[in-house]
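**Q** Once you've had a glance at the structure underneath, I'll fire off some questions.
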Amino acid sequence: MPNLLANIALYGWPLVAFWIMKKQRLNQAVVLLFLIPYMWLPYGMRFDLPLLPPIDKWTLPALTAFFMLKARDKNFNLFPNSRFLNTVLIGVFLSPVLTALTNTDVLDYGLNVRPGMSFQDIISGGFNNFALIYIPLVIGAHFLGSEDAKKDFVFLLAVWGLVYSLLCLWEIKMSPQLHREIYGFTTTSWRQQIRNGGFRPVIFMGHGLYVAMYMSMATICAMLLFKGKHKFMQKQGMLKVFYLFAILILCKTWSAAIYSILSFFIIFFFGKRKWLYLAAALSVIVFLYPTLRAAGLIPVNQINAYFTELDEDRGGSLGVRLKNEDILLDKARERALFGWGGWGRQRVYSEYTGEDLTIADGTWIIIFGQVGWLGYLSIFGALCGSIVVVYLRYKNVAEEAIPPYTAGLAVILSMNLVDLVPNSSLSPLTYLMAGSLFGALTPIKNRT
């Protein structure tokens, strides 16, 4: 049960956000309004409202940021100055409506009954998409479009990564229990965080995968700051990079470490145009992944065999994920346009016992199964499209004219998108980065 401190931390967040707005420059305040709650607020604590999704560490900070920034900047346009972004946002808001209207039937699996969707699900889904997708996208586009804002974004991700590394070290040694000791409860399976005879840190993010992915982003940000000769990296800059990478290795999530290694070679061995090209190529592959996967164009057997040779346990885990992807993809095709909706309707159950027969890990298959092509194309269109449109904007300009932190943020986001294929590491920071890239195309005066 959440203790008093957990309640103060969550429900007192608007007061902290107000203080941040008063004390920080606007660029940094915007990032901190999303970054601090993601890192520090209690995970799994919520307040249920009638008809609406729970108010928790995801929705409350987003709503707080939206209303505070709208009050601060009267020019904050609710419709971004991007035709492409507005188009995908229409799909984001239409998706819960059409999904609910096409899933009113009850699914009966013997002892397990999945309810049909109702008007309440339309309201709940629309609110959820507004808070978790629309808000960070439009805030990022409006307030974080300038190159200085992106520099602040990268700087804050790296600095707070260094701060978080101390808590990572504690949990790596002592086991993931800070959330329980500080907030009085935990919703995390302790056994899931045991890896290679040690522990993966969880801190306040809910799962070791989230921490590892954040530390990977922080490491890449440190590389960008070092490459850009940022004043923060003038003293022992490369040591800071290697320190963050060492913490990442100790997080025991190899995929996140691979993203940092790949980014290292991209950042230090290629020019900025190539950064954008490679980031755009990766985002296109992610965007097309359901089609490529269904057509058998992804060499899953060869990939699984390769990782099995490197580590039998990890290869076995990947094999289980790929097998479950096939099962879930087969069911998703039955209602491919608008999906199966919520309440676990997209999963596969035993017709006799009602037992859940599937494990859904990748964000892409979760979204595709729940909201079908409309929801998938809208959500991943916004995320992947942000990188592609930035690449198209700068592909023919001189190398020195390409803004380094814009290109660097595209690299970071592309690595996060790749991770959405095997894992579920989607967060408000992902959407905020995408919004920031859209904002680079239509700079707004007096952002700061």
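Residue numbers for the sequence shown, in the numbering used here: 132 to 579.
Glycine included, C-beta positions come from ideal geometry on N, C-alpha and C.
#1: In the DSSP output, which residue or residues are listed as bridge partners for Tyr240?
#2: Per DSSP, which residues does Phe178 bridge with? Please list them.
#3: Using three-state DSSP, classify Tyr420 as helix, strand or coil.
#4: Pick from Leu194, Phe284, Gln155 and Ala148: whose alpha carbon is nearest that of Ala565?
#5: Assuming the contact rule is C-beta atoms closer than 8 Å, Ile264 and Val223 should be a hit. Round their C-beta distance to whole Å, please.
#6: Between the segment 210 to 219 and the segment 282 to 299, do at least 3 Cβ pairs fall closer than 8 Å?
#7: Three or more beta-carbon pairs under 8 Å between the segment 231 to 240 and the segment 467 to 484, yes or no?
#8: Can you tell me which of Gly475, Leu268 and Phe274 puts its alpha carbon nearest to the alpha carbon of Ile206?
#9: How would you call Tyr420, buried or exposed, if buried means at least 16 neighbouring beta carbons within 10 angstroms?
#10: Distance, Cα to Cα, Tyr525 vs Ile533?
#11: How about the segment 173 to 184 and the segment 297 to 305: do they share at least three Cβ pairs that are nearer than 8 Å?
#12: If you run the structure through DSSP and keep just helix, strand and coil, what is Gly257?
#13: Kindly list the residues whose CB is nearer than 6 Å to the CB of Val162, restricted to its own chain and excluding five residues on each side of it in sequence; keep chain order.
#14: Please list the terminal residues of the continuous alpha helix (DSSP H) segment that includes Ala160.
#15: How would you write the range of the alpha helix (DSSP H) that Val294 sits in, first residue to last?
#16: Mind the definition here: the segment 511 to 523 touches the segment 377 to 385 only if three or more C-beta pairs lie below 8 Å; say whether that holds.
#17: Report yes or no: do the segment 358 to 373 and the segment 309 to 323 share at least 3 C-beta pairs separated by less than 8 Å?
#18: Just to confirm the assignment, what range does the alpha helix (DSSP H) spanning Lys358 have?
#19: Any contact of the segment 535 to 555 with the segment 491 to 505, i.e. 3+ C-beta pairs under 8 Å?
#20: State the beta-bridge partners of Asp487 as determined by DSSP.
#21: At which residues does the alpha helix (DSSP H) containing Tyr374 begin and terminate?
#22: Counting beta carbon pairs with one atom in the segment 185 to 204 and one in the segment 168 to 175, are three or more of them shorter than 8 Å?
#23: What residues in its chain sit with their C-beta under 7 Å from that of Glu530, if we drop five residues either side in the sequence?
#24: I'd like to know whether the C-beta atoms of Phe335 and Pro307 end up nearer to each other than 8 Å.
#25: Output needed for Val269: all residues of its chain with C-beta closer than 6 Å, excluding positions within five of it in sequence on either side, in chain order.
#26: Please name the residue or residues paired with Phe330 in a DSSP beta bridge.
#27: For Gly257, which residues from the same chain have a beta carbon less than 8 Å from its beta carbon, with the 5 sequence-adjacent residues on both sides left out?
#28: When the Cα of Trp150 is compared with those of Asn134, Leu135, Thr195 and Ser567, which residue comes out closest?
#29: How is the alpha helix (DSSP H) around Asp550 delimited, first residue to last?
#30: By the 10 Å Cβ neighbour count, where 16 or more other Cβ atoms means buried, how is Lys281 classified, buried or exposed?
#31: Less than 8 Å between the beta carbons of Gly427 and Tyr345, yes or no?
#32: Pick from Arg478, Lys454, Ser448 and Leu449: whose alpha carbon is nearest that of Lys462?
#33: Can you give me the C-alpha to C-alpha distance between Arg578 and Arg466, rounded to a whole angstrom?
#34: Between Arg424 and Pro145, what straight-line distance do the alpha-carbon atoms span, to the nearest angstrom?
#35: Within the same chain, show all residues whose beta-carbon is closer than 8 Å to that of Ile139, passing over the 5 residues directly before and after it, in chain order.
#36: So Val536 and Glu278 are supposed to be a Cβ contact under 8 Å. How far apart are they, rounded?
**A** Based on what the coordinates show:
#1: Taking the first residue of the sequence shown as 1, we reach residue 240 at position 109. According to DSSP, Tyr240 shares a beta bridge with Asn243.
#2: Locating residue 178 in the sequence shown gives position 47, where the first residue counts as 1. BP columns for Phe178 point to Ile186.
#3: As a working mapping, residue 420 is identified with position 289 in the sequence shown. In the structure shown, Tyr420 falls within a helical segment according to DSSP collapsed to helix, strand and coil.
#4: In the sequence shown, residue 565 corresponds to position 434, counting from 1. Its Cα nearest to that of Ala565, the residue Phe284 stands out among Leu194, Phe284, Gln155 and Ala148.
#5: The residue given as residue 264 occupies position 133 in the sequence shown. The residue given as residue 223 occupies position 92 in the sequence shown. Yes, they are in contact, since the Cβ atoms of Ile264 and Val223 sit about 5 Å apart, within 8 Å.
#6: No: fewer than three Cβ pairs fall under 8 Å.
#7: Yes, the segment 231 to 240 is in contact with the segment 467 to 484.
#8: Within the sequence shown, the letter at position 75 stands for residue 206. The question names Ile, yet the displayed sequence has Asn at residue 206. The residue from Gly475, Leu268 and Phe274 with its alpha-carbon nearest to that of Asn206 is Phe274.
#9: Start at 1 with the first residue of the sequence shown, and residue 420 comes out as number 289. Looking at its Cβ environment, which holds 16 or more other Cβ atoms inside 10 Å, Tyr420 is buried.
#10: For the purposes of this step, residue 525 is taken as residue 394 along the sequence shown, with counting starting at 1. For the purposes of this step, residue 533 is taken as residue 402 along the sequence shown, with counting starting at 1. Near 6 Å, if we compare the C-alpha coordinates of Ile533 and Tyr525.
#11: Contact fails: fewer than three Cβ-Cβ distances are below 8 Å.
#12: Stepping through the sequence shown from its first residue, residue 257 is reached at position 126. Note: Gly257 maps to helix in three-state DSSP.
#13: The count along the sequence shown starts at 1 and reaches residue 162 at position 31. Apart from sequence neighbours up to five positions away, the residues of its chain that approach Val162 with a beta-carbon distance below 6 Å are Phe284 and Leu287, ordered along the chain.
#14: As a working mapping, residue 160 is identified with position 29 in the sequence shown. Here the alpha helix (DSSP H) through Ala160 covers Leu157 to Trp171.
#15: Along the sequence shown, read from residue 1 onward, the residue named residue 294 stands at position 163. Here the alpha helix (DSSP H) through Val294 covers Glu278 to Met305.
#16: Proximity of the segment 511 to 523 to the segment 377 to 385 falls short of the contact definition, fewer than three beta-carbon pairs being nearer than 8 Å.
#17: As far as the Cβ criterion goes, the segment 358 to 373 does not touch the segment 309 to 323, which means the pair count is below three.
#18: Locating residue 358 in the sequence shown gives position 227, counting from the first residue. Here the alpha helix (DSSP H) through Lys358 covers Gly339 to Lys358.
#19: In short, these stretches touch, since the Cβ pair count reaches three.
#20: As a working note, residue 487 is residue 356 in the sequence shown. Note: Asp487 sits in a beta bridge opposite Tyr480.
#21: Here residue 374 refers to the residue found at position 243 of the sequence shown. First-last of the alpha helix (DSSP H) with Tyr374: Gly368 to Leu381.
#22: Segments in contact, yes.
#23: Walking along the sequence shown from the start, residue 530 turns up at place 399. Taken in chain order, the residues that qualify are Gly402, Lys403 and Arg404.
#24: Counting from 1 along the sequence shown, the entry for residue 335 is found at position 204. Counting from 1 along the sequence shown, the entry for residue 307 is found at position 176. No.
#25: Start at 1 with the first residue of the sequence shown, and residue 269 comes out as number 138. Once the five neighbours on either side are set aside, the close Cβ partners of Val269 are Pro211.
#26: Taking the first residue of the sequence shown as position 1, residue 330 is located at position 199. Paired residues: Ile325.
#27: For the purposes of this step, residue 257 is identified with residue 126 of the sequence shown, where counting begins at 1. For Gly257, same chain residues with a beta-carbon under 8 Å away, outside a window of 5 residues either side, are Phe224, Pro227 and Val228 in chain order.
#28: Locating residue 150 in the sequence shown gives position 19, where the first residue counts as 1. Ranking Asn134, Leu135, Thr195 and Ser567 by CA distance to the CA of Trp150 puts Thr195 first.
#29: As a working note, residue 550 is residue 419 in the sequence shown. Here the alpha helix (DSSP H) through Asp550 covers Pro535 to Asp550.
#30: As a first step, residue 281 is located in the sequence shown; it is residue number 150 there, counting from the start. Lys281 comes out buried.
#31: In the sequence shown, counting from the first residue as 1, residue 427 sits at position 296. In the sequence shown, counting from the first residue as 1, residue 345 sits at position 214. It is not a contact, given that the beta carbons lie outside the stated cut-off.
#32: Position 331 of the sequence shown, counting from 1, holds the residue named residue 462. Among Arg478, Lys454, Ser448 and Leu449, the Cα nearest to that of Lys462 belongs to Arg478.
#33: Position 447 of the sequence shown holds residue 578. Position 335 of the sequence shown holds residue 466. A caution first: Arg578 carries a pLDDT of 43, below 50, which makes its placement in the model too unreliable to give a value.
#34: Locating residue 424 in the sequence shown gives position 293, where the first residue counts as 1. Locating residue 145 in the sequence shown gives position 14, where the first residue counts as 1. If I take the Cα positions, the gap works out to 43 Å.
#35: The residue given as residue 139 occupies position 8 in the sequence shown. Correct list: empty, nothing qualifies.
#36: In the sequence shown, counting from the first residue as 1, residue 536 sits at position 405. In the sequence shown, counting from the first residue as 1, residue 278 sits at position 147. Note that residue 536 corresponds to Tyr in the displayed sequence, not to Val. A Cβ-Cβ distance of about 6 Å is found for the pair Tyr536 and Glu278, placing them in contact under the 8 Å criterion.
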